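Participant: I am attaching a structure below and will ask some questions about it afterwards.
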Amino acid sequence: MAVAAFSSVSRVGFSKSDTHLFFGSGFAFPSKRFSVSPKAFKSMAALTAAPAVSISKTFDKLRKRGQVALIPYITASDPDFPTTAEALKVLDSCGSDIIELSLPYSDPLTDGPVIQVAATRSLARGTNFDAVISMLREVLPQLSCPVSLFSYYNPILKHGIGKFMTIIKDAGVQGLVVPDIPLEETEILRMESSKNNIELVLLTTPTTPTDRMKSIVSASKGFVYLVSSVGVTGTCTNVSARVQTLL
């Protein structure tokens, strides 16, 4: 298992065994702009990629090669579903190892302004869970890298934990990150995710006691999210030096 540290839309991780870096970054950058014209990738819609491997196997493969991982993060249907679908295919074709797709939520309490605004734009267009899943069913068979959903707990409860896991599994999702649930309340989530072969990623923080951190690492699947700073997400240009000491 790998340990991934994050702050803002950037993702940074370390392998527990050999401290190789795993880098990932969001679709928006504070210091430079990145844009892709969907017109340049229309032909990609007809492609069918090889089935995506699991998140764990992806990290294992990278570790053996001594390589870093690119893990982009985007919000579903921001600005719209066609753009999200094309973005997923472009990110995959550009070499992403894992893609993290956020389900927009009205109260993203762990996120700062950038992701809050992205979620607000998406929800304003009428985005809902069923529409996201419909898009994923069409797009994921065309991707070669695994996709992990980022969802707050309330939407999962609304659908029913077991039903939610079954739906995302059938859509081809490989992992799930739930940022607002403590370890003590993850038993049913972990059980249902395991039944559906969904790797449930748990989070730990700079203020987490060592014994508790060990329990979180033991329970997490795929990788462990290490929050690299106290507070909500936000743009940054570098990684805190504290990350090394927190691992």
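Our numbering puts the first residue of the sequence shown at 1470, with every later residue one more than the last. Built from N, CA and C at the ideal position, the CB exists for glycine as well. All of these numbers come straight from a predicted model, not from anything done at the bench.
#1: From the DSSP output, read off the bridge partner residues of E1668.
#2: Taking the beta carbon of L1626 as the centre, do at least 16 other beta carbons fall within 10 Å, making it buried, or is it exposed?
#3: If we ignore side chains and look at the alpha-carbon of each, how far apart do G1595 and S1687 end up?
#4: Considering only C-alpha positions, which residue in the set Q1643, L1671, S1663 is nearest to E1653?
#5: Is the segment 1595 to 1614 in contact with the segment 1653 to 1665, if contact means three or more CB pairs nearer than 8 Å?
#6: Going by DSSP, what residues sit across from A1588 in a beta bridge?
#7: Give the C-beta separation of S1617 and V1583 to the nearest angstrom, bearing in mind that I take them to be a contact with Cβ-Cβ under 8 Å.
#8: Tell me whether K1632, by its Cβ, gets closer than 7 Å to a heavy atom of the ligand ADP.
#9: Could you compute how far the alpha carbon of S1697 sits from the alpha carbon of T1714?
#10: Please report the distance separating the alpha-carbon of F1598 from that of H1628.
#11: Residue range of the beta strand (DSSP E) that V1559 falls in?
#12: Helix, strand or coil: how does DSSP classify A1538 here?
#13: By the three-class DSSP mapping on this structure, what secondary structure does T1527 have?
#14: If contacts are defined as beta-carbon pairs under 8 Å, then S1571 and I1543 qualify, I think. What distance do you get, rounded to the angstrom?
#15: Thinking just about the alpha-carbon of each residue, which of N1666, F1633, I1524, S1684 is nearest to the one in E1569?
#16: So L1570 is in the beta strand (DSSP E); what residue range does that whole segment cover?
#17: Looking only at its chain, what residues have a beta carbon closer than 8 Å to the beta carbon of V1586, apart from the 5 residues adjacent to it on each side?
#18: Taking the alpha carbon of L1592 as the reference point, which residue from S1613, A1554, E1555, P1548 has its own alpha carbon closest?
#19: Relative to the C-alpha of F1692, which residue among V1522, S1684, F1528 is closest?
#20: Would you tell me roughly how many angstroms separate the C-alpha atoms of I1650 and S1662, rounded to the nearest one?
#21: Is DSSP giving L1612 helix, strand or coil here?
#22: Straight-line CA distance for K1638 to G1631?
#23: Output the distance between the C-alpha atoms of R1532 and E1555, rounded to the nearest integer angstrom.
Facilitator: The relevant details are as follows:
#1: DSSP output for E1668 lists G1644 as bridge partner(s).
#2: Under this definition L1626 is an exposed residue.
#3: Straight-line Cα distance between these residues: approximately 38 Å.
#4: Nearest of Q1643, L1671, S1663 to E1653, Cα basis: L1671.
#5: Taking 8 Å as the limit for Cβ pairs, the verdict is that the segment 1653 to 1665 does not touch the segment 1595 to 1614.
#6: DSSP, once it has assigned bridges, lists no residue as partnering A1588.
#7: 19 Å between Cβ atoms; not a contact.
#8: Although the ligand ADP was asked about, the structure shown includes no ligands whatsoever.
#9: Using only the alpha carbons, I get a separation of about 11 Å.
#10: Spanning the two alpha carbons is a distance of roughly 9 Å.
#11: Element bounds for V1559: not the beta strand (DSSP E) but the alpha helix (DSSP H), 1550 to 1562.
#12: If DSSP states are grouped into helix, strand and coil, A1538 belongs with coil.
#13: For T1527, the secondary structure class from DSSP, reduced to helix, strand or coil, is helix.
#14: The C-beta distance from S1571 to I1543 rounds to 7 Å, short enough to meet the 8 Å contact threshold.
#15: Comparing alpha-carbon positions, the option among N1666, F1633, I1524, S1684 lying closest to E1569 turns out to be I1524.
#16: 1568 to 1571 is the span of the beta strand (DSSP E), which, as asked, contains L1570.
#17: If we look at V1586 and ignore the five residues flanking it on each side, it has no Cβ neighbours.
#18: The shortest Cα separation from L1592 among S1613, A1554, E1555, P1548 belongs to P1548.
#19: Taking only the C-alpha atoms, the option nearest F1692 is F1528.
#20: A direct Cα-to-Cα measurement between I1650 and S1662 gives close to 15 Å.
#21: Residue state, collapsed to three classes: coil.
#22: Using only the alpha carbons, I get a separation of about 11 Å.
#23: Roughly 29 Å separates the two Cα atoms.
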